[in-house]
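Peer 1: In the working numbering, the protein residues as written are 37 to 298. Input: one structure, supplied below.
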Amino acid sequence: MRHDTAHSHALVTGASSGIGAAYAEQLAVRGHGLILVARDAARLQAAADRIGRETGMTVEVMAADLTRPADLALVRDRVATDAGLGLLVNCAGLGPLGPSLDSPAELYDGMLDLNVRALQTLTFAAARAFVGRGGGAIVNVSSAVALIPERFNAGYAAQKAFVLALTQGLAAEIGGKGVRLQALLPGVTRTEFFDRVGADIGQIPPEMIMEAGDLVAAAFAGLDAGETVTICSLPDIADWQAVEAARFRLGPNLFHRVPAGR
Ligand code: NAP
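Laid out in structure tokens, this is it:
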């Protein structure tokens, strides 16, 4: 990321806590000015004041509920028109309440608006702007459960699979135009994600839980290494490459005039 976005500033959604807050801290240390987005204005301002004091970087706050069309439009317009923006981190997200049928239908609507609609809107706004300038990077926070929907809430896993597919597809479309795209697939990460829906992270074995700061540092390493998909906890990258190779091997047989004989 240091190459093409070195002197740019970064807009981080979900910057008031957890993974987004860790991004904000580490981006400022790396020399990026910041625009911090989330709903809790007071919390964002406190983070902005502290980060600005500690790093000397300019940190701006944009309080927005990204499930509200008017708020989303404001952030989208900022992404589309801010010529100094070189990096978008789409981190704001909301989890479910237990198994699929335990969550009320309205919760899925709100999750879709935040996890899918807002992320897609901001991704396309940034992609257009960055292609126009010939440079920039977009980091989309997906989840490891995008790869194993059988192990978690189906609605949430499907939304995170959307984020993964959007990022991979767009990387193929515009990757050659100087724009970097990265889907980050965290496993279990110690944040407020579980508290917000009344779940207890204490039920999860400690050896499965990553600290947000460690996750983000590893995500930067993946971005710097040119990864489109980063799974920070995966020891052997060959395991992911084998999955991708198997997927692409299907390619020639996905589009035939005649149904297969089987
Ligand atoms: P978190 O600590 O709960 O942070 C969520 C962030 O999203 C907060 O900054 C929150 O701020 C913001 N947000 C929530 N609703 C919003 C809305 N309507 N409009 C704007 N901002 C909103 O959880 P986290 O773990 O850091 O989550 C970050 C991302 O990581 C999410 O996309 C999540 O799906 C993903 N993820 C998390 C884990 C995990 O184990 N923690 C694993 C895989 C993926 P406000 O309340 O101030 O709005």
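Note that the Cβ used here is the ideal one computed from N, Cα and C, for glycine as well.
Please state whether DSSP places G297 in a helix, a strand or coil.
Peer 2: For the purposes of this step, residue 297 is identified with residue 261 of the sequence shown, where counting begins at 1. Of the three classes helix, strand and coil, the one that applies to G297 here is coil, per DSSP.
Peer 1: So, under 8 Å CB-CB, A255 and C268 are touching, yes? Tell me the CB distance rounded to an integer number of Å.
Peer 2: Your numbering for residue 255 matches position 219 in the sequence shown. Your numbering for residue 268 matches position 232 in the sequence shown. That pair is a contact at about 6 Å.
Peer 1: Would you mind sorting F166 into buried or exposed? The rule is 16 or more other CB atoms within 10 Å of its CB.
Peer 2: Translated into the one-based positions of the sequence shown, residue 166 becomes position 130. Per the 10 Å Cβ criterion, buried.
Peer 1: Considering only heavy atoms of ligand 1, does any lie closer than 8 Å to the CB of D250?
Peer 2: As a position in the sequence shown, residue 250 is number 214, starting the count at 1. Every heavy atom of ligand 1 is 8 Å or more from the Cβ of D250, so no.
Peer 1: Under the assumption that L102 contacts V111 (Cβ atoms under 8 Å), give the Cβ distance between them as a whole number of angstroms.
Peer 2: Walking along the sequence shown from the start, residue 102 turns up at place 66. Walking along the sequence shown from the start, residue 111 turns up at place 75. Rounded, the Cβ-Cβ distance is 7 Å, consistent with contact.
Peer 1: Of all the alpha helix (DSSP H) runs that stay within the bounds of the region 60 to 111, which reach a length of 4 or more residues?
Peer 2: The region 60 to 111 contains these whole alpha helix (DSSP H) runs: 77 to 91.
Peer 1: My output table needs one value for T266: the three-state DSSP class, helix, strand or coil.
Peer 2: Counting from one through the sequence shown, the residue named residue 266 turns up at place 230. In this structure, T266 counts as strand in the three-state DSSP scheme.
Peer 1: Excluding five sequence neighbours on each side, which residues of the same chain lie with their C-beta closer than 8 Å to the C-beta of E90?
Peer 2: In the sequence shown, the residue the question calls residue 90 occupies position 54. The residues are A64.
Peer 1: Based on DSSP bridge pairs, tell me the residues matched to Q218.
Peer 2: As a first step, residue 218 must be located in the sequence shown, where it is residue number 182. Answer by DSSP bridge pairing, in chain order: V175.
Peer 1: What are the start and end residues of the alpha helix (DSSP H) that includes I273?
Peer 2: If you number the sequence shown from 1, residue 273 lands on position 237. Counting along the chain, the alpha helix (DSSP H) containing I273 begins and ends at 273 to 286.
Peer 1: When the Cα of I240 is compared with those of F230, G191, A207, which residue comes out closest?
Peer 2: The residue labelled residue 240 in the question sits at position 204 within the sequence shown. Nearest of F230, G191, A207 to I240, Cα basis: F230.
Peer 1: To the nearest angstrom, how far is the alpha carbon of L251 from that of F198?
Peer 2: Taking the sequence shown and counting its residues from 1, the one referred to as residue 251 is at position 215. Taking the sequence shown and counting its residues from 1, the one referred to as residue 198 is at position 162. Their backbone Cα atoms lie some 21 Å apart in a straight line.
Peer 1: For A219, which residues of its own chain have a beta-carbon under 6 Å away from its beta-carbon, when the five flanking residues on both sides are left out?
Peer 2: Working through the sequence shown from its first residue, we reach residue 219 at position 183. N176, S178, L200, T203, V265, listed in sequence order.
Peer 1: Are there any heavy atoms of ligand 1 lying less than 8 Å away from the beta-carbon of F230, as far as the coordinates show?
Peer 2: Locating residue 230 in the sequence shown gives position 194, where the first residue counts as 1. It does: the Cβ of F230 is within 8 Å (strictly closer) of some heavy atom of ligand 1.
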